[in-house]
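Respectively, the protein sequence lines represent chains A and B. What the first sequence shows, in my numbering, is residues 1 to 417, in sequence order. What the second sequence shows, in my numbering, is residues 1 to 417, in sequence order. Idealized CB from N, CA, C, for every residue including glycine. Keep in mind that this is a model prediction, so the values were computed, not measured.
Protein chains: 2
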Amino acid sequence: MELPSQPSVVINGTRLLARIAELAQIGAIEGTQGCSRLAFTDADREGRDLVVTWMTDLGLTVTVDAVGNVIASTGNAGAAGAVMAGSHIDTVGTGGRFDGNLGVLAGLEVIEATLAADIDVKRPLAVAFFSNEEGSRYPPDMMGSLAYVGGMSVESVLEVEGADGTIVGDELERIGYRGPAPCPGAVPHAFVELHIEQGPVLDNEEIQIGVVEGVQGISWTELKFVGQSNHAGTTPMALRRDPMAVAAEVTVAARSIATDLGGPQVATVGSLTLHPNLVNVVPAHATMTVDLRNTDETLLREAEKQLMNSVQQIADREDITVESRSLARFEPVEFDKRVVDSIEAIAQQKGLSTRRMPSGAGHDAQMMARICPTGMIFVPSLDGISHNPAEHTDDEDLIAGAQLLADAMLALTEVTW
Amino acid sequence: MELPSQPSVVINGTRLLARIAELAQIGAIEGTQGCSRLAFTDADREGRDLVVTWMTDLGLTVTVDAVGNVIASTGNAGAAGAVMAGSHIDTVGTGGRFDGNLGVLAGLEVIEATLAADIDVKRPLAVAFFSNEEGSRYPPDMMGSLAYVGGMSVESVLEVEGADGTIVGDELERIGYRGPAPCPGAVPHAFVELHIEQGPVLDNEEIQIGVVEGVQGISWTELKFVGQSNHAGTTPMALRRDPMAVAAEVTVAARSIATDLGGPQVATVGSLTLHPNLVNVVPAHATMTVDLRNTDETLLREAEKQLMNSVQQIADREDITVESRSLARFEPVEFDKRVVDSIEAIAQQKGLSTRRMPSGAGHDAQMMARICPTGMIFVPSLDGISHNPAEHTDDEDLIAGAQLLADAMLALTEVTW
């Protein structure tokens with residue numbers, strides 16, 4: 001894509017930083033910079049209310065759809081035909097203040113700065129926050145944007161049961177964010193998501209901007225191993241059917257699979273629950289999750305195959321029953337080459353150092369890529385730390401990313417596909 | 001010990017079975033034969049109240065000591081100089097109805113049958129239930145009997161904090177079982193505990209009575225691994241400091257150590273907790289327990305040494321901090337040869353099939369062995385299942401065990417040491 005001449009605005013960095021700080025007060029984790037605003041909790045509602053107030057104060061048209069996605073637009077037709085920014089404001093249980101929130105509040109800042117500049121913009125600008133991007137309380141992650149693009153029905157979303165036994169539909173109703181706007185939603189002209197990298201690459205290489213070419217494929221599997229609970233002192237080792245022994249071996253195997261496949265392949269056992277979970281009882285059952293990711297779909301499938309082979313072998317040896325279910329499965333995504341090239345060209349024109357890279361994390365942008373030309377901008381994460389209250393990005397990087405988002409969005413208002 | 005001529009009583013098996021069934025209604029786990037009466041809970045209180053009512057109805061002198069141990073005696077001096085039976089009535093979270101309860105209710109039945117027979121018995125008979133034998137809610141296990149024999153101070157017991165944040169002293173007070181009787185308690189003439197085997201040996205070999213020669217040594221260690229929480233998608237495998245990976249390898253190592261040492265050595269990881277325990281977050285820390293047991297103290301120490309070596313090596317490789325603490329440590333115990341021989345001789349005289357064996361589980365009798373001649377009688381556990389609602393012992397085995405307890409206790413009233 002040729003870079004068209006474009007209208008230009010300067011974002012207000014101070015205002016952006018102040019909003020990030022104010023939103024971070026909600027669900028703040030004492031003694032840290034971090035936040036806990038799990039999807040559809042009271043803290044999530046408070047965060048939503050605050051951002052919606054900011055949107056309304058700018059005179060934007062604000063809509064809430066059937067799964068709680070919120071879109072604010074300068075136009076009358078919502079996201080339809082708009083150049084749209086967006087991300088999420090829910091966090092993991094022990095999250096940082098930038099993950100998701102940056103993309104939403106930077107999008108809002110782009111709109112405020114553009115309105116203040118009183119310039120001629122050929123298309124509406126819009127900003128969204130999508131429901132339950134993290135998937136920490138309810139699978140799958142990126143639930144809201146997945147529903148927005150028609151990848152999951154509203155009915156299916158509302159029926160999802162969380163680990164705590166609550167149901168998405170009930171919780172959405174409870175916090176007042178089961179809205180009337182249609183879902184799937186309107187198709188924007190283009191979508192750009194600004195996000196922290198959540199990995200160590202930009203920080204290690206001292207590069208300001210990551211131009212994201214695509215997103216790793218994600219495979220989440222829950223494995224439940226059912227064995228024979230028994231007394232820890234009286235059951236000879238050879239006669240045990242111990243689900244924890246199986247879970248441990250599968251964890252070791254998952255790590256070996258990732259290391260042996262190499263490259264961007266990662267494997268994580270982030271959750272494991274034993275029952276009855278007592279020091280002197282061989283557990284009756286163990287439930288664990290395995291998170292596999294790769295940029296290459298063929299390799300990701302290979303990792304899944306190797307994992308399930310290992311699971312079956314290990315469980316058979318211990319005479320353990322296996323129940324497995326997929327909690328989430330997304331193929332790797334490639335972003336629109338024209339949007340990616342455009343973001344890179346503008347960044348370089350502005351004198352920013354850039355690096356093309358894949359995203360290791362899932363993002364709402366990968367869902368939006370199904371319905372419109374989409375790109376992403378990364379800014380550095382100190383030491384790559386994320387999903388952790390210690391998550392940090394320097395102010396100047398936050399502001400540089402938001403300014404690039406403004407430049408890219410305004411450039412995209414000039415483009416026709 | 002020569003078998004003296006002894007007074008003889010016939011226990012009432014129907015009454016014993018009815019009491020076992022009635023006590024099992026308290027904390028009953030729906031749809032199973034099992035019970036959940038964790039120490040110092042409301043269910044534990046209800047169970048205690050019921051057994052105390054039965055003790056009082058027999059006209060026995062009932063005392064409650066400072067850690068909640070309850071002793072009923074036919075004499076005026078409590079357990080002092082008495083031939084004493086006893087065990088516990090607390091259960092693990094998902095326990096059976098016989099573990100502990102059998103020994104207490106059989107002891108009560110021996111006393112009731114003896115009183116009804118109106119025979120001359122040279123010493124008082126006593127029966128006890130000791131507090132918190134299971135240790136499921138508060139470490140260590142066998143807490144009450146350990147305090148009774150002076151192995152743990154009352155102050156230390158009352159200060160113990162449970163996994164749920166509650167304190168033993170508060171909970172004892174709350175359920176009304178922080179009593180006035182002195183602790184450590186009076187020294188009995190002898191102590192005999194009837195218990196289900198909780199292992200598969202008697203059932204497999206179709207033997208009616210296990211003559212217990214001693215108890216395996218027990219070593220409980222809690223290991224906390226502190227790593228670096230991070231995003232599961234963006235952190236390359238080589239840069240991870242993953243406490244779950246360490247916990248899994250340590251679990252595999254613990255099992256190998258037990259298998260390699262062989263014999264009666266067992267190792268169990270019954271409890272593991274991850275934080276934050278989310279599918280897409282490399283955990284910040286993992287806390288697990290390792291339960292090691294052996295009948296030989298030297299081998300048990302070897303197992304402990306090998307475990308801690310493995311822990312250090314694995315944790316160092318992953319750059320993980322280790323915090324370890326001992327939750328319980330008991331050396332193997334040998335019961336009094338005279339009591340053991342006597343139980344075996346009486347059982348054989350009555351035509352019961354017997355087998356000498358160690359106990360794989362810890363029991364209150366191992367504490368009592370510190371202060372008086374002590375023995376134990378095992379009856380078979382179906383398939384060795386215990387610490388499980390499916391725990392089962394046939395009625396005829398329960399009754400045979402209780403009758404042998406009566407015969408042994410009465411024989412011991414005739415003995416002088």
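Under the Cβ criterion of 8 Å, A:Gly179 is not counted among the residues facing chain B.
Counting the other Cβ atoms within 10 Å of the Cβ of A:Asn132 gives 16 or more, which makes it buried.
Look at the stretch 340-397 of chain A and you find these whole runs of alpha helix (DSSP H), each 4 residues long or longer: 364-368.
Chain A places a beta carbon closer than 8 Å to that of B:Gly233, counting this residue as a contact. By the 16-neighbour rule on beta-carbons within 10 angstroms, A:Trp220 is buried. Contact residues of the stretch 115-139 of chain B toward chain A are Glu134, Gly135, Ser136 and Pro139 (C-beta to C-beta distance below 8 Å). Within the same chain, Cβ atoms closer than 7 Å to the Cβ of B:Val157 are found at Val67, Met143, Ala147 and Val168, the five residues on either side in sequence being excluded.
In this chain, the alpha helix (DSSP H) harbouring A:Glu304 covers Glu297 to Arg317.
Taking C-beta separations shorter than 6 Å and ignoring five residues to either side along the sequence, the partners of B:Glu161 in its chain run Ile167, following chain order.
Exposed is the label assigned to B:Glu30, since fewer than 16 other Cβ atoms lie within 10 Å of its Cβ.
For B:Ile209, the enclosing beta strand (DSSP E) stretches over residues Ile209 to Val215. Note that the C-beta distance between A:Gly86 and A:Phe40 is not below 8 Å.
As the crow flies, the alpha-carbon of A:Leu202 is around 25 Å from that of A:Leu412.
For A:Ser359, the closest of A:Tyr138, A:Val226 and A:Asp296 by C-alpha to C-alpha distance is A:Asp296. Straight through space, the alpha carbons of A:Arg241 and B:Ile320 are spaced by roughly 30 Å. In summary, B:Arg325 is exposed, with fewer than 16 beta-carbon neighbours lying within 10 Å of its beta-carbon over all protein chains present. Its Cα nearest to that of A:Leu292, the residue B:Thr234 stands out among B:Arg123, B:Glu249, B:Thr234 and B:Gln313. When beta bridges are read from the DSSP output, B:Trp220 appears opposite B:Asp291 and B:Ala328.
Across the stretch 351-369 of chain B, CB contacts with chain A closer than 9 Å involve Ser359, Gly360, Ala361 and Gly362, in sequence order along the chain. A:Cys35 places its beta carbon less than 8 Å from that of A:Gly95.
By the 16-neighbour rule on beta-carbons within 10 angstroms, B:Arg123 is buried. Among the residues of chain B, none has a CB under 7 Å from the CB of A:Ile377; the nearest is roughly 15 Å distant. The beta carbon of B:Gln349 sits no closer than 8 Å to any beta carbon of chain A.
Here the alpha carbon of B:Thr416 sits roughly 55 Å from the alpha carbon of B:Gln313.
Note that the stretch 369-377 of chain B does not touch the stretch 42-49 of chain B; fewer than 3 beta-carbon pairs, one per stretch, sit closer than 8 Å. Judged by DSSP in its simplified three-state form, A:Ser156 adopts helix. With a beta-carbon spacing of about 7 Å, A:Gly401 and A:Ile209 fall inside the 8 Å limit used to define contacts. Membership of B:Gly68 in any beta strand (DSSP E) is not indicated, and neither H nor E is assigned to it by DSSP. Of all C-beta pairs linking the stretch 181-189 of chain A to the stretch 329-339 of chain A, fewer than three are shorter than 8 Å, placing the two stretches out of contact. Cα atoms of A:Gly270 and A:Leu38: separation of roughly 17 Å, rounded to the nearest angstrom. In the structure shown, A:Ser87 falls within a strand segment according to DSSP collapsed to helix, strand and coil. Measuring C-alpha to C-alpha distances from A:Gly375 to each of A:Ser73, A:Met409 and A:Glu134 identifies A:Met409 as the nearest.
Proximity of chain B to A:Asn230 at the Cβ level (cut-off 8 Å) is accounted for by Gly384, Ile385, Ser386, His387 and Asn388, in chain order. The beta carbon of A:Pro332 sits no closer than 8 Å to any beta carbon of chain B.
By the neighbour-count criterion, in which a residue is buried when 16 or more other Cβ atoms sit within 10 angstroms of its Cβ, A:Ile119 is exposed. Nearest to A:Gly75 by C-alpha distance, out of A:Ser342, A:His189, A:Asp49 and A:Pro283, is A:His189.
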